[in-house]
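Numbering (mature numbering (1 follows the signal peptide of the UniProt record, and there is no 0)), first residue to last: -21 to -1, 1 to 344. Each residue gets a CB set at the ideal place from its N, CA and C atoms; glycine is no exception.
Set out below in structure tokens:
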């Protein structure tokens, strides 16, 4: 059975570069980044060090390899060669969230969708996740380090060639999902107007509210207990999600059961630190970020919209807008029928069109 599973995985990865068609080429690459940040000594500090005294912080200073998949249209269909999308996945996902590596799920690939519309992208694995460096100590993988690594990738995209024949990009538009949106938000809090991100598209991310709508920590489990054969030797601070159905609409006819099965089969890890810090991070005001921002949520998001709080878009926009006082523009879009993972249900093409629309809008600013 294991050999069969490994063969299937090899086959899926082997098909990755052919599903995009002749008009788009993709390359797997690694970008070394230097991360030098302060993190809480207590990895369960819910505010990720943003409210800590200096004595409660410690320094993480290291070089990490960040894995990514770069997709670019051919020159004839390249819409704006100076703009790139940096795609940041959510909790317990990898860069595959943006392009499931199997032909059956081709319609769920945002990387392919946007590439077909002339937009290049780089989808990265978080620090500690997928094919990126996994620090031995999970306590090193907190929002400051993950956001710092992503920020360094964005700087690299603007200052260096990531592949022969690919010049540096003038603009980097960050597109995050869930905790990936949190990492982009953390960067905006810390870097403000100096952020390397010229615009932000934050999906699956709104203020969790005073009642903290995030599920309890007990919903995740140490990865080494969940799948000992795969993760048996890693720090217990690396966790994974037990049941992924909460990421989909409650209506089981709104998504493919095979996608849910595939999602569970390909799940990855995150850290208990980042799970706890997500709620606290959502309470901060992003005082100095000056680029345009849009937040996109699904109306059927069981995590964020369960109490019908996404029904009044104007009210939701007003409540979210106050956290971004200096943003050049700010909008909230609610995708009807989509769940927390808008990329993975039957209505994925709707959110994809919305993403591309905002990328084109922000590219022209």
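Leaving out five residues before and five after residue i in sequence, what residues of the same chain have Cβ atoms less than 8 Å from its Cβ?
{"i": "residue 233", "result": "227, 279, 316, 318, 324, 325 and 326"}
{"i": "residue 142", "result": "6, 8 and 49"}
Starting from residue i, trace the beta strand (DSSP E) in both directions and tell me its first and last residue.
{"i": "residue 153", "result": "150 to 156"}
{"i": "residue 37", "result": "36 to 52"}
{"i": "residue 225", "result": "Segment: none, residue 225 is in no beta strand (DSSP E) and carries neither H nor E."}
{"i": "residue 220", "result": "217 to 220"}
Rounded to the nearest angstrom, what separates residue i and residue j at their Cα positions?
{"i": "residue 86", "j": "residue 80", "result": "11 Å"}
{"i": "residue 26", "j": "residue 166", "result": "14 Å"}
{"i": "residue 433", "j": "residue 71", "result": "The structure shown does not extend to residue 433, since the chain spans only -21 to 344, so no value can be given for it."}
{"i": "residue -16", "j": "residue 245", "result": "Residue confidence for residue -16 is low, a pLDDT of 34 falling below 50, so the modelled location carries little weight; the figure read from the coordinates is stated next. Approximately 12 Å, taken between the alpha carbons."}
{"i": "residue 46", "j": "residue 248", "result": "15 Å"}
{"i": "residue -18", "j": "residue 339", "result": "For residue -18, the predicted model reports a pLDDT of 36, less than 50, meaning its position is unreliable; a value from the coordinates is still stated below. Taking the straight line joining both Cα atoms gives about 43 Å."}
{"i": "residue 53", "j": "residue 254", "result": "39 Å"}
{"i": "residue 37", "j": "residue 236", "result": "44 Å"}
{"i": "residue 138", "j": "residue 271", "result": "22 Å"}
{"i": "residue 299", "j": "residue 197", "result": "28 Å"}
{"i": "residue 187", "j": "residue 294", "result": "15 Å"}
{"i": "residue 202", "j": "residue 344", "result": "43 Å"}
{"i": "residue 332", "j": "residue 263", "result": "30 Å"}
{"i": "residue -3", "j": "residue 92", "result": "Reliability fails at residue -3, whose pLDDT of 40 lies under 50, so the model's placement of it is uncertain and the value that follows must be treated cautiously. One C-alpha to the other measures close to 11 Å."}
Taking the alpha helix (DSSP H) that residue i belongs to, which residues open and close that run?
{"i": "residue 333", "result": "328 to 342"}
{"i": "residue 77", "result": "Looking at the DSSP string, residue 77 is not in any alpha helix (DSSP H), and its letter there is neither H nor E."}
{"i": "residue 137", "result": "122 to 138"}
{"i": "residue 304", "result": "That residue, residue 304, is in no alpha helix (DSSP H); it is neither H nor E in DSSP."}
Under 8 Å between the Cβ atoms of residue i and residue j?
{"i": "residue 342", "j": "residue 59", "result": "yes"}
{"i": "residue 98", "j": "residue 64", "result": "yes"}
{"i": "residue 150", "j": "residue 62", "result": "yes"}
{"i": "residue 163", "j": "residue 136", "result": "no"}
{"i": "residue 152", "j": "residue 283", "result": "no"}
{"i": "residue 74", "j": "residue 44", "result": "no"}
{"i": "residue 311", "j": "residue 274", "result": "yes"}
{"i": "residue 157", "j": "residue 183", "result": "yes"}
{"i": "residue 4", "j": "residue 51", "result": "yes"}
Check each candidate in the options and name the one with the smallest Cα separation from residue i.
{"i": "residue 181", "options": "303, 33 and 10", "result": "303"}
Give every residue of the same chain whose Cβ lies closer than 6 Å to the Cβ of residue i, excluding the five residues on either side of it in the sequence, and list them in chain order.
{"i": "residue 7", "result": "48"}
{"i": "residue 39", "result": "16, 18, 119 and 124"}
{"i": "residue 13", "result": "42"}
{"i": "residue 10", "result": "45, 132 and 135"}
{"i": "residue 161", "result": "257 and 260"}
So with Cβ pairs under 8 Å, would you call residue i a contact of chain B?
{"i": "residue 186", "result": "Of the protein chains in the structure, only one exists, and it is not chain B."}
For residue i, which residues in the same chain have their Cβ closer than 7 Å to its Cβ, ignoring the five residues on either side in sequence?
{"i": "residue 31", "result": "19 and 24"}
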